[in-house]
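The block underneath contains the structure these notes are about, expressed in structure tokens.
Protein chains in written order, with our numbering: chain U, 1 to 195; chain F, 196 to 390.
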């Protein structure tokens, strides 16, 4: 009985697959925007963790007896919590705002079974962007295109997005969307991975 | 005039390519084992940095006017400095030795031009392995096969190797073999990447 991933995120799928974790994906269908509004005063760590929990819980109700992994990522910057951008114009404005500054990226994971929470974890990463020139931004947006709209923060850190950063303090897997080492540890405890 | 990478390492190539850095590869042909013996009392950081420098310098003499990137990774554990293993038997013995303990993995990079050093950097990472069972090790070695012999430490952290670790303190790119963010910053200073 393999793990169920309550996410359509290609980077979460990629991380689990690369690490040798067997799973099937059944994305949760939550109104994330509404949940984020409800949690807007809670801070990024509680918000990301709550969203990961809600996804895992919702999907676990559809699959009795199965272990379900939910994940979520949220960015906190200058008093705001940010999610994905809807257009390249929004992406440009966001990146210009983040340029030369440090934002907090939180990725969270949760495990649930039969509508009950088993475990949750949030991993904060401090992401410091260098000063981005207009020419660099033009180039970056042209090369990356709409693909970056699938990520909070509008960067794929595992790709050209690394060029945006002067410094990163935090776990790389969490930057990509999943605190992989704590997830693997918990999957071993739950008997879903060999110890 | 793109960068020259003085390395045959597939992970260094992969990291640069993913980050959008144009380069051609011309691996250095040094007697690394002899250099490691010579530097054996220097410590892992100086050893990795010196090897990266020697590779960049040697290849830069073959390509006048071009900027050359050298890289190296060394593991320090229990008073020893370790390089690659020659067989799966050696790999099993090494992993059993590292199991449940913390080792230091240092990746270094250096830039050279016309036989002169421009810049060098070493990035240490503390890698804490969990206790690995015999069954896990059997499984891991069977699944990964001789591919792991291409890495110091006998793990691909970007793949199933993540299952070996309880905790990692350090830069992910450096764990994979190249301190990418400092390299990108230096390539921007040298005019090889847009700022």
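Just so it is clear, CB atoms sit at the ideal spot from N, CA and C, and this is done for glycine as well.
{"Asked": "Starting from residue 350 of chain F, find everything on chain U with Cβ-Cβ shorter than 7 angstroms and list it in chain order.", "Found": "Result: empty, since nearest Cβ-Cβ is about 11 angstroms, beyond 7 angstroms."}
{"Asked": "Quick one: list the residues of chain U neighbouring residue 389 of chain F, beta-carbon separation under 8 angstroms, in chain order.", "Found": "133, 135, 136, 139"}
{"Asked": "If you draw a straight line from the alpha carbon of residue 148 of chain F to that of residue 178 of chain U, how long is it in whole angstroms?", "Found": "The shown model of chain F, from 196 to 390, leaves out residue 148 of chain F, and the question about it has no answer."}
{"Asked": "Output needed for residue 349 of chain F: all residues of its chain with C-beta closer than 7 angstroms, excluding positions within five of it in sequence on either side, in chain order.", "Found": "280, 286, 289, 290, 343"}
{"Asked": "So, using beta-carbon positions, are residue 300 of chain F and residue 200 of chain F closer together than 9 angstroms?", "Found": "no"}
{"Asked": "Once DSSP output is grouped into helix, strand and coil, what is the label at residue 339 of chain F?", "Found": "helix"}
{"Asked": "Would you mind reading off the limits of the alpha helix (DSSP H) that contains residue 242 of chain F?", "Found": "239 to 257"}
{"Asked": "Does the beta carbon of residue 357 of chain F come closer than 9 angstroms to any beta carbon on chain U?", "Found": "yes"}
{"Asked": "Decide if the region 40 to 55 of chain U is in contact with the region 107 to 116 of chain U; the criterion is three or more beta carbon pairs, one per stretch, under 8 angstroms apart.", "Found": "yes"}
{"Asked": "Considering only the beta carbon of each residue, do residue 357 of chain F and residue 33 of chain U sit closer than 9 angstroms?", "Found": "no"}
{"Asked": "Can you give me the C-alpha to C-alpha distance between residue 38 of chain U and residue 321 of chain F, rounded to a whole angstrom?", "Found": "39 angstroms"}
{"Asked": "Once DSSP output is grouped into helix, strand and coil, what is the label at residue 1 of chain U?", "Found": "coil"}
{"Asked": "If I follow the unbroken beta strand (DSSP E) through residue 173 of chain U, where does it start and stop?", "Found": "Where residue 173 of chain U is concerned, there is no enclosing beta strand (DSSP E), although the alpha helix (DSSP H) it sits in stretches over 172 to 176."}
{"Asked": "Thinking C-beta only, is residue 216 of chain F closer than 9 angstroms to residue 382 of chain F?", "Found": "yes"}
{"Asked": "Only counting the same chain, and skipping five residues up and downstream in sequence, which positions put a Cβ closer than 6 angstroms to that of residue 390 of chain F?", "Found": "383"}
{"Asked": "Any Cβ of chain F within less than 9 angstroms of the Cβ of residue 171 of chain U?", "Found": "yes"}
{"Asked": "What in chain U is Cβ-close to residue 363 of chain F, meaning under 8 angstroms?", "Found": "171, 181"}
{"Asked": "Does the CB of residue 20 of chain U have a neighbour CB from chain F at under 9 angstroms?", "Found": "yes"}
{"Asked": "With a threshold of 9 angstroms between beta carbons, is residue 381 of chain F in contact with chain U?", "Found": "no"}
{"Asked": "Under 9 angstroms between C-beta atoms, does residue 292 of chain F make it to chain U?", "Found": "no"}
{"Asked": "Near residue 143 of chain U, which residues of its chain fall below 7 angstroms by C-beta distance, leaving aside the five closest residues on each side in sequence?", "Found": "160"}
{"Asked": "Apart from the five residues on each side of it in sequence, which residues of its chain come closer than 8 angstroms, Cβ to Cβ, to residue 312 of chain F?", "Found": "248, 251, 252, 305, 306"}
{"Asked": "Contact criterion: CB-CB distance below 9 angstroms. Does residue 218 of chain F meet it with respect to chain U?", "Found": "no"}
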